[in-house]
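Per UniProt numbering, the very first residue in the sequence shown carries number 1; after that it's consecutive.
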Amino acid sequence: MNGQQDFIGPLEETNSCKALKLPKRVTGLNDEQLDQHIRSEAIKFYHDEPKELQVQAVSTLARGRKCFLRAGTGYGKTRISEMYFNLFKTKVVVLVLNPLDSLGDDQVREKKIVKIKSVNLNKMMLNREVIQKIKSGYFGFVYLSPEVFLNNNLFTEMFFSHEFQKILALMVIDEAHMVYLWGLVTSKAAKGMATFTRHEDRGPFRIAYGSIATRLMATNNIPVLMLSATCRPIAVSSIISNLRLQPSDITMIDGELTRPEIWIIRIPMKFTLKSCDDLLRIFAPQSKVPAEKAIPMLIYSSSRNLTFQVMKVVNEARHTKKHEYDPLDGFIRRYHSVTGEEDKADNMKDYMESKFPVMSATMALGLGQNLKRVRCVIHMGRGDPASIVQMIGRCGRDGSTGLALLFMEPVRQKGKNSVEDFDLGANQGEDDRVDAMAVSPVCLRVAINMDNKHGYIPLEADDRNYVAERSREVKKKPNKGPATCKLSPVDAAHLANHLVEDFKSFMPELLAPDAEFVPADFFGPLDAVELVASFDQIFPVEGFDTRHLQDVIGGPWFPGQLGWLTGSIMDWIASDYYQDILEKNEIAAREEIRRAAEVREQAYEILEEATARAAEKTFQQEERKRVNDERKRVNDERKAAKKHISGGRNQATDNLHE
């Protein structure tokens, strides 16, 4: 059946009709022990160290509390519910509310990778057979829209059934800020707001998000996880109120909103937003940069109509006019809320398979989707800062450097177009934030973080909150902490496994034949993973660092431990496996240098082309003005001459009469 995946994890039936809880062996742990247990389970499942805030969120859920996590795109928010799910050893269900059916399909595909059985309950999938499988615990994750959650009779019958309630472990509200947007729409406060008119496919999104509270109150007080990349203080308060909760009921956890690997550049527009002609400066003719060499990017527009204009201008720049009418074009296609479902699916599939590099879209594309291919995001025109940060978060999802280009009009009609137009002591309204984003002289990365934390865009470098946030950005440690490992996850796991297996051969020499301990009691998989996490420090470029190795293990626990570890790591480094890694890295480095030189050359060519086009356009405008001025001068001279001749004739006639 479509959308169903292999299942690993819960294996037994729960028999209690009470609220489903974790076993006492987990809930009975103190906070430090619980965090360590969560980390151990995550490492065992993902073979990767979880982020600290992921552990904190799972710990909050394990204590039975509701959790609201605000963190930027690419942070790994979806992994939190998986980590909580894996703490159970019985059949349980996690219910996830999504704003988009396509997002549910994407998450089902991701669950397949980690071998968790899941289903997306769209209209085509919702039937008695699927409902029965859900009630039996066949699916670990169930994705659905708020409309199905609230208005589908078949789902409602299942939701209130004894069989389902006894296995419901967690409810997740993805993109929780939609609850706040719903409030603006239904209260008509959004009417005329630039924050809504600038993002056409955002305003009417999932109005049913605002009625979720009626179902939340009907559960056995199970934990609720709310996720959002951007949610200002006013939005958080509105959401908590809408869901009929008290602030004391919720644990707020804040992660980083923006990622340092994304460069954010604001560019003043020279042409009108409606024309999209500023894109002529970005794209080179196809003869210079063919589609297969173009950088994968998304171009976001404020309306569905503008997505087509973007395609038209891009094809003009590439000298491929009329290609915007080709639905299977090999360079650029579009995606918005009214695009046919089959076209959406086909375009997304082709984009992820690198069949074309550029997508022209509205906010309908990318909400929560894990588009790891994207390297550049372009946003056309002013817009809501909270929405813009979600869009630019689409690039660099795999940790590589990303580029965000924000084309903004210098002047917005009826808007504020300079810092002087703002009352710096007053609160910023929704539209004020749109304009402030376009004129603020401060660092945009810090400004976006401040908007999320304090609800406004700073306009002065000496703003107290701005100074504090900028200082935090400068001082904060790298996301990976002081311990780093440049080995790929596969290679790191290979080294960790080598150390564990080698230790099994070494340790028996120190133990008596009837010893009650086994090698894993002294050095097991978790110890090996932690050690390998500091591989770069233990084995820097200049050679093996025994002192750092000793610091990592906290000093030797038994005679010969340091010598054994040193020898075991050096054996692995001398192996054919690691030498192959070095060879591949060297090849990749040479290729990176070549690509960098190629990109620089392309950039120069694009700049020359753009400069030439701009100069040609300016020349044509000046020439037209000169011709018009010349025509006007000639016409004026003719009129003056006629007037002079006519006046002379009249004077001659008068003299003759006299």
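Positions of the beta carbon are idealized from the N, C-alpha and C atoms, including for glycine.
Quantities reported herein were computed from a predicted structural model and do not represent experimental measurements.
Per-residue DSSP class, three states only, for residue i
{"i": "Lys66", "result": "strand"}
{"i": "Arg394", "result": "coil"}
{"i": "Gly402", "result": "strand"}
{"i": "Met269", "result": "coil"}
{"i": "Asp463", "result": "coil"}
{"i": "Phe196", "result": "Because Phe196 carries a pLDDT of 49, less than 50, the predicted location of this residue cannot be relied on, and the following value inherits that uncertainty. If DSSP states are grouped into helix, strand and coil, Phe196 belongs with the helices."}
{"i": "Thr362", "result": "coil"}
{"i": "Val114", "result": "coil"}
{"i": "Ser575", "result": "coil"}
{"i": "Met450", "result": "helix"}
{"i": "Lys480", "result": "Interpretation of Lys480 is limited by its pLDDT of 42, a score under 50 that renders its predicted location unreliable; the figure taken from the coordinates is listed afterwards. Coil."}
{"i": "Val411", "result": "coil"}
{"i": "Ser187", "result": "Because Ser187 carries a pLDDT of 47, less than 50, the predicted location of this residue cannot be relied on, and the following value inherits that uncertainty. In the structure shown, Ser187 sits in coil (DSSP, three-state: anything other than H, G, I, E or B)."}
{"i": "Val142", "result": "strand"}
{"i": "Gln5", "result": "Low per-residue confidence applies at Gln5: pLDDT is 39, beneath 50, and the placement is therefore not dependable enough to give any value."}
{"i": "Gly203", "result": "With a pLDDT of only 43 at Gly203, under the threshold of 50, the placement of this residue in the model should not be trusted; the figure read from the coordinates follows. In this structure, Gly203 counts as coil in the three-state DSSP scheme."}
{"i": "Asn120", "result": "strand"}
{"i": "Leu29", "result": "coil"}
{"i": "Leu531", "result": "helix"}
{"i": "His644", "result": "helix"}
{"i": "Phe619", "result": "helix"}
{"i": "Gln286", "result": "coil"}
{"i": "Ile457", "result": "coil"}
{"i": "His498", "result": "helix"}
{"i": "Thr219", "result": "coil"}
{"i": "Ile212", "result": "coil"}
{"i": "Glu256", "result": "coil"}
{"i": "Thr320", "result": "coil"}
{"i": "Asp326", "result": "coil"}
{"i": "Phe506", "result": "helix"}
{"i": "Ile167", "result": "coil"}
{"i": "Phe308", "result": "helix"}
{"i": "Ser241", "result": "helix"}
{"i": "Met125", "result": "coil"}
is_contact[residue i, chain D] using C-beta, thresh 8 Å
{"i": "Val313", "result": "As a matter of chain content, chain D is missing from the structure shown, which is built from one protein chain."}
Nearest-angstrom beta carbon gap, residue j and residue i [assumed within contact, 8 Å]
{"i": "Gly330", "j": "Phe356", "result": "5 Å"}
{"i": "Arg79", "j": "Gln54", "result": "6 Å"}
{"i": "Cys395", "j": "Ile262", "result": "6 Å"}
{"i": "Ser568", "j": "Leu526", "result": "Between Leu526 and Ser568 the Cβ distance is about 17 Å, and since that is not below 8 Å, they are no contact."}
{"i": "Ala229", "j": "Gly76", "result": "The pair is not a contact, with the Cβ atoms about 12 Å apart (cut-off 8 Å)."}
{"i": "Arg39", "j": "Pro23", "result": "Not really, about 18 Å apart at Cβ, beyond 8 Å."}
{"i": "Gln428", "j": "Tyr466", "result": "About 13 Å; that fails the 8 Å criterion."}
{"i": "Arg397", "j": "Val419", "result": "The pair is not a contact, with the Cβ atoms about 34 Å apart (cut-off 8 Å)."}
{"i": "Ala294", "j": "Arg334", "result": "Contact doesn't hold; Cβ gap of about 16 Å is too wide."}
Among the options, the one whose alpha carbon lies nearest that of residue i
{"i": "Gly415", "options": "Glu430, Val374, Met311 and Leu405", "result": "Glu430"}
{"i": "Ser248", "options": "Thr258, Ser237 and Gly255", "result": "Ser237"}
{"i": "Gly137", "options": "Thr618, Asp462 and Ala169", "result": "Ala169"}
{"i": "Thr27", "options": "Glu41, Phe523, Leu61 and Arg633", "result": "Leu61"}
{"i": "Glu592", "options": "Ser275, Ser400 and Arg334", "result": "Ser400"}
{"i": "Asn153", "options": "Lys312, Arg128 and Asn628", "result": "Arg128"}
{"i": "Gly562", "options": "Arg547, Leu280, Leu121 and Glu52", "result": "Position check: residue 562 holds Leu in this sequence, whereas Gly was assumed. Nearest option by C-alpha distance: Arg547."}
{"i": "residue 665", "options": "His494, Ala641 and Leu565", "result": "The chain is shown from 1 up to 658; residue 665 falls before or after that span and cannot be answered."}
{"i": "residue 667", "options": "Met171, Ser241 and Ser275", "result": "Summary: the structure shown does not reach residue 667, with the chain confined to residues 1 through 658, and so no result is reported for it."}
{"i": "Leu216", "options": "Thr156, Ala614 and Gln602", "result": "Thr156"}
{"i": "Ser161", "options": "Asn417, Leu531, Arg65 and Lys135", "result": "Lys135"}
{"i": "Gln537", "options": "Gly524, Val552 and Arg334", "result": "Val552"}
{"i": "Leu227", "options": "Gln36, Ile573, Asn98 and Lys486", "result": "Asn98"}
{"i": "Leu225", "options": "Leu95, Thr484 and Glu601", "result": "Leu95"}
{"i": "Asp35", "options": "Asp491, Val93, Ser59 and Leu257", "result": "Ser59"}
{"i": "Lys133", "options": "Val93, Ala291, Ile264 and Glu292", "result": "Val93"}
Residue(s) in a DSSP beta bridge with residue i
{"i": "Pro376", "result": "Correcting the residue type first, residue 376 is Cys in the shown sequence and not Pro. In DSSP, Cys376 forms a bridge with Met297 and Leu403."}
{"i": "Thr251", "result": "Cys67"}
{"i": "Tyr351", "result": "None, per the DSSP bridge assignment."}
{"i": "Met226", "result": "Phe68 and Ile173"}
{"i": "Thr78", "result": "Bridge partners of Thr78: none, in fact."}
{"i": "Tyr335", "result": "Ala361"}
{"i": "Ile264", "result": "Ala404"}
{"i": "Val419", "result": "Note: Val419 sits in no beta bridge, so no partner."}
{"i": "Val96", "result": "Tyr143 and Val172"}
Are the region 380 to 388 and the region 290 to 310 in contact at 8 Å, needing three or more beta carbon pairs?
yes
Please determine if the region 82 to 90 and the region 397 to 412 are in contact, where contact requires at least 3 C-beta pairs separated by less than 8 Å.
no
Does the region 140 to 148 come within contact of the region 31 to 45, defined as at least 3 CB pairs closer than 8 Å?
Counting Cβ pairs under 8 Å, fewer than three are found: no touch.
Counting beta carbon pairs with one atom in the region 318 to 325 and one in the region 278 to 298, are three or more of them shorter than 8 Å?
As far as the Cβ criterion goes, the region 278 to 298 touches the region 318 to 325, which means the pair count is three or higher.
Counting beta carbon pairs with one atom in the region 384 to 395 and one in the region 437 to 451, are three or more of them shorter than 8 Å?
The region 437 to 451 vs the region 384 to 395: in contact.
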